[in-house]
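A.B. asks: Chains as they are written, first to last, in my numbering: chain A, 10 to 315; chain B, 10 to 315; chain C, 10 to 315; chain D, 10 to 315.
One structure, as structure tokens, below. Some questions next.
Here is the structure:
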């Protein structure tokens with residue numbers, strides 16, 4: 010099966026927009042699969058390429074291994090067949106990541122998104138990371154997408170490691186949430202011969218990323234303003250850059266507010282405002298203070314979204 | 010039982026030296042419980058106050074929940090009864106931390122060491138951390154020790170949170186690995202009325218920490234030079250500061266080499282040199298390069314230890 | 010004169026490309042005005058909007074006040090009249106900055122570029138910076154351009170301060186060298202009603218900056234590949250984004266090499282290779298090692314420039 | 010004279026406590042030499058080893074070269090002959106530092122304190138810094154003290170550079186304001202054979218620094234609580250560590266408040282409270298807000314000083 014997978018891997022087109030979905034919880038902080046289902050059905054009607062399950066916004070570090078797999082299974086069931094399920098399978102150890110990746114593939118994931126291990130970040134140099142990702146990609150029956158998110162991990166996947174890994178037959182792309190546009194452009198340039206696909210990890214720099222050669226984005230804001238993020242992507246793809254710029258401007262502040270600004274609790278609150286199930290986070294993530302809630306609302310209303 | 014525990018908690022004297030033990034692995038990277046046993050029996054003959062099981066040097070982020078508990082159980086069995094087992098039970102979510110803490114207590118841990126959750130570090134302010142630790146301490150049948158290790162977590166447990174948490178009847182102390190001696194002194198001063206015990210998280214600043222009021226240390230280097238670290242502590246406790254200073258000097262470079270310098274792989278290599286079972290790390294941690302190995306050796310030999 | 014200046018200020022069009030020129034030195038490290046003249050005359054034949062004199066690449070912190078003014082005077086004399094002289098007049102204190110700005114204006118500067126004061130960066134909040142820039146702009150007879158260069162100063166000029174300062178009649182724009190494209194887009198959006206002009210501070214993200222609304226760039230690399238940087242700008246301005254992208258790619262690595270990678274000594278070395286006078290830096294800046302020199306050359310040759 | 014100086018250099022005993030004096034200004038922000046004189050005469054009656062003129066707290070980056078020299082001259086005149094004048098002569102370029110060091114020596118400085126140049130911090134490696142300090146020490150007729158203050162410069166003088174420079178006959182010591190006690194101990198250990206003297210750069214870790222072998226301190230807080238800081242030093246020198254610890258505790262919060270917490274404006278305000286001339290700072294440094302002023306006062310009063 011491996012050679013098949015690898016061939017398939019290089020054929021998997023991951024271009025387009027993905028919301029990294031949130032995980033709804035009941036009041037005692039159990040996963041609320043019913044509300045998850047509701048959200049997925051709504052997202053299924055938007056022009057997304059697929060969903061990212063258990064990116065940073067999915068509170069995956071707060072889920073058990075069983076919950077992580079079960080959520081992937083539910084999403085696969087509820088989502089139209091033409092949408093991709095990109096499942097976040099990263100763990101700290103290589104062996105746990107290998108195991109989790111395969112479990113998610115077996116649960117229906119079309120590809121897996123593997124965050125950089127980071128606890129021993131002082132030792133996570135290119136050698137260690139190339140070793141880690143190569144072993145995971147070697148053993149996984151679905152394609153692997155690299156994932157660099159320094160705001161959470163304190164670690165940037167080094168460009169030389171990305172270049173090396175882009176040559177692996179079962180590694181098809183990268184989600185970069187760091188937002189350094191020079192780095193993104195450089196990675197696109199240096200991996201062009203490999204059919205390697207770069208996704209912007211945030212709506213804040215989505216247009217700029219498209220301009221320098223990215224082919225899509227995994228955007229927290231797409232959980233809230235999904236139609237608009239898809240429209241921005243479409244404007245970029247069709248070269249209508251002036252219109253794209255105007256739309257991009259209006260998305261920056263709301264995007265920052267639900268990511269770096271106020272985090273997952275803000276994303277979930279905004280989801281509630283826009284007709285999705287957001288709700289509480291698992292502890293220790295706390296609800297927004299009243300002042301932060303007002304500031305969050307202001308970032309949406311001043312840009313014409315509320 | 011809770012009131013008993015809490016009373017007991019405040020009575021638990023955690024002062025003294027602890028090696029944060031490493032976890033030996035077999036060649037296919039399974040936990041090698043036999044070698045673990047051997048190490049514990051050797052450590053049992055040294056004048057340690059106890060052992061820390063699954064601090065950062067134990068590669069705990071690479072162990073499964075079952076392995077984490079099993080290692081605690083084995084250590085408890087192999088260690089003389091007068092030594093403490095301080096077990097690292099921290100997880101990212103509050104609910105997982107509560108569960109793991111109790112499992113470790115049930116497996117024989119005398120107290121639990123709870124690292125700051127850190128993945129969503131932008132949201133881990135004092136409010137969130139006080140909430141997290143309070144819930145864990147409320148529910149745990151053994152005393153809780155706070156654990157701040159910014160080199161790994163990118164997060165310092167704020168002093169105001171430490172002060173607040175020192176008032177909890179089941180929180181008995183703090184391991185601080187950051188090494189900011191001003192901060193350590195301030196925390197000692199501000200928690201004096203609470204019978205709160207501060208442990209230095211590294212041998213590099215152990216003497217200075219004693220000087221400003223710490224009562225012990227959890228020192229990676231004690232896995233290698235256990236007798237010497239205990240001797241340094243004893244010199245400090247008995248006020249023989251000039252002798253302490255001379256010994257402290259000779260421990261700084263070896264200590265830095267097995268911690269910040271070259272990390273857990275270096276610690277395990279040095280353990281092999283000094284008659285313990287170190288061996289390989291779980292992937293993605295890589296063995297030292299030959300150049301780093303030589304540099305590591307130099308830090309021990311130039312200070313007269315090899 | 011002030012109302013004239015202010016009116017003039019708002020009319021000054023600073024859009025386009027500027028090399029932040031280097032300062033050539035003789036062997037005993039005196040300013041080599043003859044070589045400076047030669048460079049200026051060559052730059053005068055390229056389609057630059059003007060020159061930045063004493064940006065970070067001009068080693069201005071190493072020049073005396075007298076040298077700083079004299080260099081501006083020489084550049085003004087040697088440069089064709091239709092080119093702008095944008096002179097870096099920032100000092101740590103407000104009073105020194107006011108004085109230096111006026112001296113440079115008197116020496117022929119068309120506008121002044123004022124770097125954020127940074128030594129007391131812990132106190133340089135929006136209040137302090139708005140106060141500083143307002144006083145400088147109030148008193149200066151030529152327009153003021155803000156300058157944020159966190160790699161050197163450890164300080165980002167906060168967006169809210171930029172927005173506030175954009176309303177000052179004598180502040181016409183900003184050079185942003187940080188490279189955070191989301192921030193750049195946000196500043197363009199938030200200052201649109203003010204006829205405020207944003208310049209990219211590096212060639213590495215020049216195309217992306219144009220895409221989100223910047224109107225030019227101050228690019229170290231333009232000291233070396235001036236024609237090519239101007240061509241990239243022209244492609245952006247005329248909406249030929251696909252061609253722009255291809256050219257942008259080839260400029261990233263050389264740009265990084267002469268800025269963050271190897272710094273001013275590398276910039277000057279590359280200038281020598283491309284027919285300009287680069288030469289030595291003032292001490293304590295050191296010449297490149299042989300290995301770094303080879304790496305630098307590789308970044309130009311592998312992208313087809315050498 | 011050089012061999013004399015060098016011999017003298019190695020004989021200069023710099024051990025003891027120094028306030029890094031503030032520079033008083035009149036309302037239009039001119040140096041107020043009369044108030045400076047008053048302060049110096051008061052400081053002259055305290056058991057200081059001497060004064061540091063133009064450390065970071067002297068607002069030296071805001072003074073002209075002429076003012077810097079004149080302040081040194083005035084301090085020399087007003088200070089009793091048995092006290093040292095340690096004058097901060099660091100500039101960004103080596104040539105300016107050489108010149109300023111000699112001017113200050115000629116104005117009466119007993120030794121010069123040379124901060125790390127930092128604007129091009131990416132290039133300020135050990136090679137550059139050893140070169141810089143060696144040239145300055147070679148040419149200076151009074152001994153040189155190294156000065157590392159990462160909070161302001163974003164740069165730690167590397168330990169290997171300190172070790173190398175400690176061998177220079179005209180370099181007698183180091184002021185380290187970073188506060189990393191492990192680093193301080195290591196530097197003391199590694200320079201023991203050189204009669205090299207390490208001074209703590211802050212009162213917050215003064216006792217710990219003495220414990221590991223420092224011989225004094227340059228402490229902003231000594232501008233305010235000079236008697237107390239000298240008493241702490243005396244307790245350390247005479248081995249009365251328990252009493253020292255109690256006093257150290259009470260100095261931490263006031264010290265942090267007038268340094269990292271609220272900076273030079275807070276130091277000057279506290280000076281006013283304790284009978285010295287503090288007053289305003291030069292712009293862009295701003296006065297404390299009312300809330301910060303109250304917080305500052307609280308740090309003194311809660312520790313029994315107000």
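Each residue gets a CB set at the ideal place from its N, CA and C atoms; glycine is no exception.
From residue 282 of chain B to residue 305 of chain B, what distance separates their C-alpha atoms?
C.D. replies: 11 Å
A.B. asks: Using a Cβ cut-off of 7 Å, which residues of the segment 171–196 of chain C contact any Cβ in chain A, in chain order?
C.D. replies: 188, 189, 190, 191, 194 and 195
A.B. asks: Here's the rule: buried if 16 or more other CB atoms are within 10 angstroms of the residue's CB, otherwise exposed. What is residue 313 of chain A?
C.D. replies: Classification of residue 313 of chain A: exposed, given that the 10 Å Cβ count is below 16.
A.B. asks: For residue 95 of chain C, which residues does DSSP report across the bridge?
C.D. replies: C:61 and C:120
A.B. asks: Which complete alpha helix (DSSP H) runs does the segment 221–266 of chain C hold, if anything under 4 residues is left out?
C.D. replies: For the segment 221–266 of chain C, whole alpha helix (DSSP H) runs of length 4 or above, ordered along the chain, are 235–246 and 250–265.
A.B. asks: Around the C-beta of residue 298 of chain D, are 16 or more other C-beta atoms found within 10 angstroms, so that it is buried, or is it exposed?
C.D. replies: exposed
A.B. asks: Spatial neighbours of residue 285 of chain D within its chain, please: C-beta separation below 6 Å, excluding the five flanking residues on both sides.
C.D. replies: 48
A.B. asks: Along the alpha helix (DSSP H) that carries residue 25 of chain A, what are the first and last residues, could you check?
C.D. replies: Premise fails: residue 25 of chain A lies in the beta strand (DSSP E), 25–27, not in any alpha helix (DSSP H).
A.B. asks: Taking the alpha-carbon positions, what's the residue 9 of chain C to residue 147 of chain B distance?
C.D. replies: Residue numbering for chain C in the displayed model covers 10 to 315; residue 9 of chain C lies beyond these limits and cannot be assessed.
A.B. asks: Which stretch, first to last residue, makes up the alpha helix (DSSP H) that contains residue 148 of chain D?
C.D. replies: 135–148
A.B. asks: Would you call residue 70 of chain D buried or exposed, if buried means 16 or more other Cβ atoms sit within 10 Å of its Cβ?
C.D. replies: Label assigned to residue 70 of chain D: buried.
A.B. asks: So what does residue 34 of chain A bridge to, in DSSP terms?
C.D. replies: A:40
A.B. asks: Assign residue 391 of chain B to one of three DSSP states: helix, strand, or coil.
C.D. replies: Beyond the ends of chain B as shown, which are 10 and 315, falls residue 391 of chain B; an answer cannot be given.
A.B. asks: If contact is defined by three or more beta carbon pairs under 8 Å, each pair taking one atom from either stretch, is the segment 166–174 of chain D in contact with the segment 189–197 of chain D?
C.D. replies: yes
A.B. asks: What does the alpha-carbon distance come out to for the pair residue 151 of chain D and residue 44 of chain D?
C.D. replies: 28 Å
A.B. asks: Any beta-carbon of chain B closer than 9 Å to the one on residue 252 of chain D?
C.D. replies: no
A.B. asks: Taking C-beta pairs closer than 8 Å, name the residues in chain B that residue 257 of chain D reaches, listed in chain order.
C.D. replies: 194 and 221
A.B. asks: Once the 5 residues before and after residue 144 of chain A are set aside, which same chain residues still bring their CB inside 6 Å of it?
C.D. replies: 103
A.B. asks: Note the first and the last residue of the continuous alpha helix (DSSP H) segment covering residue 195 of chain C.
C.D. replies: Following the DSSP letters along the chain, one finds residue 195 of chain C inside the alpha helix (DSSP H) bounded by residues 190–199.
A.B. asks: Just to confirm my understanding: we take residue 14 of chain C, look at its own chain, exclude 5 residues before and 5 after, and list those with CB closer than 7 Å. What are they?
C.D. replies: Per-residue confidence for residue 14 of chain C stands at a pLDDT of 46, beneath the threshold of 50, marking its modelled position as unreliable; the derived number appears in the next sentence. Here the set comprises 150, 151 and 179.
A.B. asks: Per DSSP, what kind of secondary structure is residue 12 of chain B in: helix, strand or coil?
C.D. replies: Residue confidence for residue 12 of chain B is low, a pLDDT of 39 falling below 50, so the modelled location carries little weight; the figure read from the coordinates is stated next. In this structure, residue 12 of chain B counts as helix in the three-state DSSP scheme.
A.B. asks: Output, in chain order, the set of chain A residues within a Cβ distance shorter than 8 Å of residue 261 of chain C.
C.D. replies: 191, 194, 195 and 198
A.B. asks: Should the segment 270–280 of chain D be called in touch with the segment 201–212 of chain B, which here means at least 3 C-beta pairs below 8 Å?
C.D. replies: The segment 270–280 of chain D makes no contact with the segment 201–212 of chain B: fewer than 3 CB pairs, one atom from each, lie closer than 8 Å.
A.B. asks: Just mark residue 75 of chain C as buried or exposed, buried being the case when its beta carbon has 16 or more other beta carbons within 10 Å.
C.D. replies: exposed
A.B. asks: Residue range of the alpha helix (DSSP H) that residue 170 of chain D falls in?
C.D. replies: 168–174
A.B. asks: Please list the residues of the segment 148–164 of chain A that have a C-beta atom closer than 9 Å to any C-beta atom in chain B, keeping them in chain order.
C.D. replies: 160, 161, 162 and 163
A.B. asks: What first and last residue would you give for the beta strand (DSSP E) that runs through residue 209 of chain A?
C.D. replies: 206–209
A.B. asks: Which class does residue 17 of chain A belong to by DSSP, given the choice of helix, strand or coil?
C.D. replies: Residue placement at residue 17 of chain A cannot be trusted, given a pLDDT of 47 that sits under 50; the coordinates are not used to answer.
A.B. asks: Label residue 16 of chain D either buried or exposed according to how many other C-beta atoms from any shown protein chain fall within 10 Å of its C-beta, with 16 as the threshold for buried.
C.D. replies: In this prediction, residue 16 of chain D scores a pLDDT of 46, lower than 50, which makes its location untrustworthy; no coordinate-derived value is stated.
A.B. asks: Expressed to the nearest angstrom, what Euclidean distance is found between the alpha-carbon atoms of residue 123 of chain B and residue 153 of chain B?
C.D. replies: 7 Å
A.B. asks: Whose C-alpha, out of D:301, D:64 and D:39, is nearest the C-alpha of residue 120 of chain D?
C.D. replies: D:64
A.B. asks: Starting from residue 153 of chain D, follow its DSSP beta bridges and name the residues at the other end.
C.D. replies: Beta-bridge pairing links residue 153 of chain D to D:121 and D:180.
A.B. asks: Identify which residue in C:259, C:186 and C:294 has its Cα closest to the Cα of residue 137 of chain D.
C.D. replies: C:294
A.B. asks: Terminal residues of the continuous alpha helix (DSSP H) containing residue 272 of chain C?
C.D. replies: 272–282
A.B. asks: Can you check whether the C-beta of residue 213 of chain C is within less than 9 Å of a C-beta belonging to chain A?
C.D. replies: yes
A.B. asks: Measure the alpha-carbon distance for residue 141 of chain D versus residue 57 of chain C and round it to whole angstroms.
C.D. replies: Between residue 141 of chain D and residue 57 of chain C, the C-alpha separation is close to 36 Å.
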